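Counting with the working numbering, you get residues 308 to 1012 for the letters of the sequence shown.
Note that beta-carbon positions come from the ideal geometry of N, C-alpha and C, so glycine has one too.
Predicted model, so just to flag it, every value in this text is computed and none were measured.
Okay, so here's the structure we're looking at.
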Amino acid sequence: MNYIKSLILLMVIAMASCAPKMAKETASGDNTGSKDFRAMAPKPGPARQIEIGKSTQYTLSNGLKVIVVENHKIPEISYQLTIDMDNMQEKEKAGLSDITGSLLSTGTTTKIKADIDEAVDFIGASMVTNPRGGFASSLTKHTDKILSLFSDVILNPSFPQAEFDKIKTQTLSGLQANKDDPNAISGNVSGALNFGPNHPFGEITNEITVSNVNLDDTKQYYKTYFKPGNAYLVIVGDITPEVAKAKAEKYFGSWPAGKTPVYTYPFPKTVDKTAVAFVDKSGAVQSVINVTYPVDLKPGSPDEIPARVMNTILGSGFSGRLFKNLREDKAYTYGAYSALNSNELAGSFSANASVRNNVTDSAIVQTLIELNRLKDEPVTQKELELAKSFISGAFARSLENPQTVANFALNTLMYGLPADYYQTYLQRLAAVTVDDVARMAKKYINPDKARIVVVGNKDEVYSKLSVFDKEDGKVQLYDIYANPRKDESETPMSITATELVDKYLMALGGRTKLDAVSSLDQTYSMELMGMSITAHMVQSAGKFHMSLTAPGMNLMKQIYDGEKGQMENMGQKSPVEGEDLVSMKEQAVLFPERFFGEAGYKLELKGIEDVNGKPAYKLAVTAPTGAKSTEFFDKETFLKIKEVQSNEVQGQTVTTTNEYGDYKTVDGITIPYTVTISGPMPTPMVMKAETVKVNSNVDPSLFKI
């Protein structure tokens, strides 16, 4: 299975070859002045009460609230349906709401998905549904057609079983990608720890919860939550309020009246002292750090604007203190940011960055320094004015979009804001002072009661983090779903690294049989960017051949003839030299684990870890060339079930996770028939073996250069 490195390289190149060519963009710089021109920012004038476009509001007899914003600049109208439902716990069926939202537009009592899609495409419209409603837009002349379709999927969904099964499969595929995404892992674990298992914001959707969802669950979700009494229909565009009301009555007036259930949750409890949570991502070259905790900040509260100014100064862009410190001064990362989110149930604060392994602890130190500095020292007047200018500029630009006016009206109703909340927004922003920022920092910046969540390489990072834990001086390990894990690295092993490799070789068939293998010819099928791809790998007598083909296309080819290497890309051939040639030579070796005991290899047994619910031995391997990998072997069968490698691909370090399964025996040799590769591709790539031949007659021309 040492052909994976070549396959990764071929896949990356194939993606580049198959992707549409992007047009070059030319940037025009502003050359209107010298440094003196920018030396001093002009003093801001007094904030004025702005005039925001008007909205008209109606309430239908069934309780549906209609918000209309006229804009006749272009002949187009959009319709946004939002159901203001309380957040619900989905518990063992987490993922139900998303599945239901996607399912609504796949069929009605009178139309199948193909008919709906064709009708929408025919008029050049767009339409999507989600767990809280949906969105549709079309040209004005197609108003009745799009509203007929939109109201049909909202009021008369048919919940087709086949489409439900497809959506579940797509959802599971997306979850597979998230399992290898350190940012997704950090977000999931941070949310779960901040809000806890008894809060909707603390739930994590995983393969088990999605598998628990059945079609009847989606029907019940729709029946319970899709009620007009809590819904808003926002209509924006080339339409008058009178016509909009008539259309809403015609297409949504028959929606049976009703309201959604009300749920309440206690505010999540924070930690008493700084606690550190760690999630191991073997082989990672970077750590994702997140200093986070829940906050009690509600939309429209008096604190929201000054708190936003405070967070902008701290980490809301290139001018933020975190960015200047960790990026510009220390060069630890490409970017460091913070977020302070308001929410009716519970908001959250986070300060995050992705940093190199060797500076993970240093980056945490600097993040905490910036948090404490903001809390203990007043910001400068210059920082204050820059932050206010940034926010006011973004606010002013947003007014250019008529949808903004509609959203303002929607927020005013949903959150019970004062009628002039947005008209006076800039005035209240301008009134924020240095003292206000200091007050917000003391209230909302709490590093002493934060969780420091780190997703990274345990072997390189974990031991440096206990100094930050003020609860008990110990770092708590978690899996990717925020389940506590025991640190098995300190547990005495009943097996050595060499013995583990021997047991693995025995599980494959034994050294004697493996030594007798002279050739291995494998063909795998997979999907890449919507194309069906066939990968053909042949290893024989120290030679190596790998090719990728699609129907009617020869995409890629790698050949090593025992001395020379060659890469062929869409018919263009080029020699392989240097380190790449050495790597290709390694991949010509059959079952390289046979040689792990020889000079130059370094093996280190790191303990036992959970891999997809199975305990597995973790083995760190350093090859004579210096290449490193981390390999995981099932504790019961000793078969390899996972491997993490860091490879140089086109000048970049690419960390790849390979998972092996569906082992079958071919002529006495046990081979994995399923290989799932995560990392370099946007979504995991599942390779399924079509043919595996051991000691077959290999065509010598495969290795001809």
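_Whole runs of the alpha helix (DSSP H) within the region 466–492, excluding any shorter than 4 residues_ = 468–485
*Inspect the beta-carbon positions of Gly-622 and Ala-670 and report whether they are closer than 8 Å.*
no
*Write down every uninterrupted run of the beta strand (DSSP E) in the region 798–864 whose length is 3 residues or greater and which is fully enclosed by it, in chain order.*
826–835, 838–847 and 850–857
*Distance between Ile-381 and Lys-554 (C-alpha atoms, nearest Å)*: 19 Å
*Closer than 6 Å by C-beta to Asp-391: which residues in its own chain qualify, once you throw out the five before and the five after it? Chain order, please.*
Asn-537 and Met-721
_Asp-1006 versus Val-928, Asp-868, Asp-488 and Ile-978, residue with shortest Cα-Cα distance_ = Asp-868
*asked:* Below 8 Å, how does it come out for the region 557–577 and the region 392–399: are there three or more Cβ pairs, yes or no?
replied: yes
_I'd like to check one pair, Tyr-600 with Asn-463: are the Cβ atoms closer than 8 Å?_
no
*Grab the span of the beta strand (DSSP E) containing His-659 for me, first residue to last.*
His is not the amino acid found at residue 659; the sequence shown has Asn there. First-last of the beta strand (DSSP E) with Asn-659: 654–663.
*Could you round the C-beta distance between Tyr-639 and Val-666 to whole angstroms and report it? I think they count as a contact, below 8 Å.*
5 Å
*Pull up the distance between the alpha-carbon of Asn-485 and that of Ser-368, whole angstroms please.*
44 Å
_For the beta strand (DSSP E) containing Phe-442, name the first residue and the last one._
440–446
*Out of curiosity, what's the CA-to-CA distance linking Leu-675 and Pro-754?*
7 Å
*Does DSSP classify Gly-509 as helix, strand or coil?*
helix
*Please check the pair Val-272 and Val-744, which I expect to be a contact at CB under 8 Å, by giving their CB distance rounded to whole angstroms.*
A query on residue 272 cannot be resolved here, the shown segment of the chain reaching from 308 to 1012 and no further.
*asked:* Quick check on Glu-677: does DSSP put it in helix, strand or coil?
replied: helix
*So, do the region 728–742 and the region 541–552 have three or more beta carbon pairs nearer to each other than 8 Å?*
no
*Sufficient close CB pairs (3 or more, under 8 Å) joining the region 798–813 to the region 903–913*: yes
*Along the chain, where does the alpha helix (DSSP H) that runs through Gln-894 open and close?*
885–894
_Stretch-stretch touch, CB-based, cutoff 8 Å, three pairs: the region 889–900 with the region 758–776_ = no
*asked:* Relative to the C-alpha of Glu-549, which candidate in Asn-790, Ile-984 and Val-375 has its C-alpha closest?
replied: Val-375
*In the structure shown, what three-state DSSP assignment does Asn-714 receive?*
helix
*Please name the residue in Leu-482, Lys-418, Ser-433 and Thr-436 whose C-alpha comes closest to that of Asn-919.*
Leu-482
*asked:* Less than 8 Å between CB atoms is the rule here; does Pro-979 satisfy it with respect to chain D?
replied: Checking the listed chains, one finds no chain D in this structure; it contains a single protein chain.
*alpha helix (DSSP H) segments (min. 4 residues) lying fully within the region 946–1007*: none
*According to DSSP, what are the bridge partners of Met-395?*
Met-395 is not bridged to any residue.
*Hey, quick one: how far does the alpha helix (DSSP H) through Asn-618 stretch, first residue to last?*
611–622
_Bridge-paired residues (DSSP) for Glu-870_ = Paired residues: none, contrary to the question.
*Could you give the distance in angstroms between the alpha-carbon of Met-874 and the alpha-carbon of Pro-922?*
39 Å
*Residues in its own chain within less than 7 Å of Val-435 by CB, not counting five upstream and five downstream?*
Ser-412, Gly-441 and Phe-442
_At a cut-off of 7 Å, would you count Asn-490 as near the ligand FAD, judging by its Cβ distance to the nearest heavy atom?_
The ligand FAD is not among the ligands present in this structure, which contains no ligands whatsoever.
*Roughly how many angstroms lie between the CA atoms of Gly-654 and Gly-431, to the nearest whole one?*
39 Å
*Are the Cβ atoms of Phe-697 and His-852 separated by less than 8 Å?*
no
*Assigned secondary structure, Gln-593 (DSSP; H/G/I helix, E/B strand, else coil)*: strand
*asked:* On the DSSP letters alone, give me the boundaries of the alpha helix (DSSP H) that Ser-696 sits inside.
replied: 688–705
*Leaving out the 5 sequence neighbours to the left and right, which residues in its chain are closer than 6 Å to Ser-409 when beta-carbon positions are compared?*
Ile-474
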